[in-house]
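Here's the structure we're looking at; comments come further down.
Residue numbers (the numbering used here): 26 to 348.
Shown next, in the form of structure tokens:
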């Protein structure tokens with residue numbers, strides 16, 4: 026007996042950001058595979074798929090948002106259920122990679138939790154990871170398998186270029202460590218000047234930053250302040266104040282991941298920035314939205330990457346070979 030194997034794509038979604046999964050599914054012209062997912066009375070998570078996944082190429086979409094540990098655990102359990110259901114290939118789609126900031130040891134006796142995350146998903150049964158704008162590029166090497174690292178800066182920079190066509194733009198990095206990212210932004214915007222904020226950070230106090238001075242030409246220019254994520258908003262709002270004090274005409278804040286914890290919304294809405302541009306890699310509930318906020322969808326980019334992976338195409342081609 027002989028048979029010709031058929032490739033079958035299935036998209037499954039965790040419960041933390043179903044809107045993104047539905048948008049990706051619409052782009053791919055598929056439906057999100059139905060499942061039962063709930064907690065037992067003690068908080069244990071249970072997942073069961075309502076359709077067979079045997080022999081399928083399955084993409085597991087989950088946003089690592091608050092409560093982040095529940096979201097990660099649910100995705101791990103979803104991967105395990107797929108492995109035990111004989112899925113042919115399992116791709117973990119995590120638009121925001123949880124624990125990415127813990128990518129190295131600053132002091133002794135500290136964890137490297139970003140590596141632990143990769144090990145957990147590999148052990149659960151993941152064959153591949155697809156993520157967006159990692160905090161640091163070397164995290165790709167933590168996972169023992171292919172990692173598709175998508176760049177949301179193409180979505181963000183296209184919006185900036187189309188919206189502020191006639192402005193004299195300077196791309197600004199909030200610290201010296203992200204200047205290389207700012208350089209890519211500058212290239213996307215047609216070779217604009219660069220600047221960065223020279224700052225110091227107290228390693229014993231997370232999320233507390235002292236901004237010192239602006240390095241670069243910002244006077245009279247529209248400054249696009251770029252970062253991978255906004256957590257409490259302390260870094261980005263201090264940088265905004267510094268730019269305006271240094272003579273910037275206006276400041277546009279552009280970031281990929283809207284963590285927006287604690288006082289972030291209040292800080293951003295009163296920061297003096299003309300506009301705050303974020304993507305929907307993480308859900309942004311109504312209570313965290315404000316007048317200056319503009320949320321761009323990452324779903325078309327994720328859907329195109331999923332299509333390339335499924336068809337054994339090139340994800341790098343989505344970024345003109347520069348991913």
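Backbone N, C-alpha and C define an ideal beta-carbon position, used for all residues, glycine too. Computed from a predicted model, the values in this text were never measured in an experiment.
DSSP lists 74 as the beta-bridge partner residues of residue 60. Taking C-beta separations shorter than 7 Å and ignoring five residues to either side along the sequence, the partners of residue 52 in its chain run 324, 325, 328, following chain order. Judged by DSSP in its simplified three-state form, residue 101 adopts helix. With fewer than 16 other Cβ atoms from the protein chains shown falling within 10 Å of its own Cβ, residue 338 counts as exposed. Contact between the segment 142-155 and the segment 107-116 is present, with at least three C-beta pairs closer than 8 Å.
Note on residue 99: 16 or more other CB atoms within 10 angstroms of its CB, so buried under the neighbour-count rule. In the assembly as shown, residue 342 is an exposed residue. Its beta-carbon has fewer than 16 other beta-carbons within 10 Å. Rounded to whole angstroms, the Cβ separation of residue 307 and residue 284 is 7 Å, and the two are in contact under 8 Å. Counting other Cβ atoms within 10 Å of its Cβ, residue 87 reaches 16 or more and is therefore classed as buried. In the structure shown, residue 203 adopts helical secondary structure according to DSSP, grouped into three states. Its chain contains 250, 276, 278, 296, 297, 298 as the residues whose beta carbon lies nearer than 7 Å to that of residue 265, once the 5 sequence neighbours on both sides are disregarded; these appear in chain order. Straight through space, the alpha carbons of residue 39 and residue 147 are spaced by roughly 18 Å.
Counting every other CB atom within 10 Å of its CB across the protein chains shown gives residue 199 a total of 16 or more, marking it as buried. Per DSSP, residue 300 is one residue of the beta strand (DSSP E) stretching across 300-304. Rounded to the nearest whole angstrom, the C-alpha separation of residue 138 and residue 216 is 36 Å.
In the displayed model, residue 175 falls within a strand according to three-state DSSP. A Cβ-Cβ contact shorter than 8 Å links residue 185 with residue 214.
Per DSSP, residue 198 is one residue of the beta strand (DSSP E) stretching across 194-198. Close CB contacts of residue 286 within its chain, under the 8 Å cut and outside five residues either way in sequence, are with 91, 256, 257 (chain order). Shown here for residue 103: same chain residues with a beta carbon closer than 6 Å to its own, the five before and five after excluded, namely 72, 85 in chain order. Residue environment analysis places residue 203 among the buried positions, since at least 16 neighbouring C-beta atoms fall within 10 angstroms of its C-beta. In the structure shown, the three-state DSSP call for residue 114 is strand.
Distances from the CA of residue 122 to each of 211, 262, 142 were compared; the closest alpha carbon is that of 142. In the displayed model, residue 182 falls within a helix according to three-state DSSP. Sequence-distant Cβ neighbours of residue 245 in its own chain, meaning closer than 6 Å and more than five residues away, are 274. The alpha carbon of residue 149 has as its nearest neighbour, out of 316, 97, 54, the alpha carbon of 97.
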